[in-house]
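Take the sequence shown: its position 191, counting from 1, is numbered 191 in UniProt numbering, and each next residue is one higher.
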Amino acid sequence: MEDDAIELKWRSMKTNLIFTGIQFHPEENTEDKLNSFIKQKLKIDKRVNFVCVHRFGKRGHRGNRPILAKFVSIKDKEIVLKNGYKLKETQFGVKEQFPKEIEQQRKPLYPVAKQARKEKRKVRMVRDKLYIDGDLYKPNTEGVGNENVHDVLSFIQRRNITQQYERSTNEPQLSQLERFPRVQTRFDYQTVKNADDSRRNT
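1) Should E7 go down as buried or exposed, given a rule of 16 or more other Cβ atoms within 10 Å for buried?
2) What residues match up with N16 in a beta bridge as DSSP calls it?
3) Roughly how far, in whole angstroms, is the beta-carbon of F98 from the beta-carbon of K41, given that I think they are within contact range, below 8 Å?
4) Within the stretch 75-101, note down every full alpha helix (DSSP H) run reaching 4 residues or more, in order along the chain.
5) Straight-line CA distance for E78 to T15?
6) In chain order, what residues of the same chain lie with their CB nearer than 7 Å to the CB of L34, ignoring the 5 residues before and after it?
7) Less than 6 Å between C-beta atoms, sequence neighbours within five positions excluded: which residues of the same chain meet that for A5?
8) Pull up the CB-CB distance for I22 and N64, whole angstroms please, since I reckon it's below 8 Å.
9) Spatial neighbours of G28 within its chain, please: C-beta separation below 8 Å, excluding the five flanking residues on both sides.
10) The beta strand (DSSP E) with K129 in it runs from where to where?
11) When DSSP labels each residue in this structure, what does W10 get in the three-state scheme?
12) Please classify L136 as buried or exposed, where buried requires at least 16 other C-beta atoms within 10 Å of its C-beta.
13) Taking the alpha carbon of R55 as the point to measure from, which residue in D45, I38, E31 and R62 has its own alpha carbon closest?
14) Pick from D3, K43 and Y131: whose alpha carbon is nearest that of Y85?
15) Beta-carbon within less than 8 Å of I102's beta-carbon, same chain only, minus the 5 sequence neighbours each way: which residues are those?
16) Assuming L81 and E96 are in contact, meaning their beta carbons sit under 8 Å apart, how far apart are those beta carbons, in whole angstroms?
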């Protein structure tokens with residue numbers, strides 16, 4: 001029953017994004033401000049339509065509360081989220097919203113994902129699952145705090161070994177004959193002609 005309740009909460013949040021670091025003004029129109037932010041910072045020209053936009057939660061270290069936006073279109077939400085990389089090394093951020101139960105499961109995966117990106121790996125997080133280069137990451141569960149740098153490096157190393165083995169086993173194997181230089185089987189026409197002429201002369 002509890003899992004069903006979490007699932008329902010997650011589904012209700014599927015079109016939601018949380019924006020952080022956007023300056024607050026007492027008389028602001030939050031929806032217009034967010035559309036302006038999306039255009040200027042994320043370089044998305046189209047105007048995005050929302051069901052609702054409002055600030056919530058505690059103030060951040062710069063005194064600005066996050067903005068929660070529920071999109072009309074999940075396609076628009078995905079476009080905005082996909083362009084979130086443009087906010088790297090800025091004071092701003094954008095992320096999906098999840099129920100606190102799922103967010104707690106995601107939390108230990110964040111440093112793992114960060115380390116994997118440093119290793120130039122393809123990283124994708126789906127709900128409470130982390131995929132590195134397309135493979136599901138399974139954290140070390142022997143003790144608390146094992147989802148660290150050494151853990152992800154070990155995962156990447158194991159995957160590299162697997163990939164090398166797969167490449168070696170998928171390489172076409174040469175037959176026994178192909179391992180040696182091909183034997184010339186075509187007779188030289190001039191050699192045969194000279195032999196015939198010699199027989200006629202004798």
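Ideal Cβ placement from N, Cα and C applies to all residues, glycine included.
The relevant details are as follows:
1) By the 16-neighbour rule on beta-carbons within 10 angstroms, E7 is exposed.
2) DSSP output for N16 lists K70 as bridge partner(s).
3) About 23 Å separates the two Cβ atoms, so there is no contact after all.
4) Here no run is fully enclosed.
5) If I take the Cα positions, the gap works out to 9 Å.
6) A distance below 7 Å between beta-carbons, with the five flanking residues on each side excluded, links L34 to the following residues of its chain, in chain order: F19, V53, I67 and A69.
7) The answer is none, since no qualifying residue turns up.
8) Taking the Cβ atoms as the reference, I22 lies roughly 6 Å from N64, within the contact range of under 8 Å.
9) With the sequence shown as reference, residue 28 is identified as Glu, and Gly is not the correct amino acid for it. Closer than 8 Å at the Cβ level, and outside the excluded window around E28, lies no residue.
10) First-last of the beta strand (DSSP E) with K129: K129 to I132.
11) The DSSP-derived three-state label of W10 is helix.
12) L136 should be labelled exposed.
13) For the residues D45, I38, E31 and R62, the minimum Cα distance to R55 belongs to E31.
14) Taking Y85 as reference, the option from D3, K43 and Y131 with the minimal CA-CA separation is K43.
15) So the list reads I6, W10, R127 and D128, once near-sequence residues are dropped.
16) At roughly 7 Å, the Cβ-Cβ gap stays under 8 Å, so L81 and E96 are in contact.
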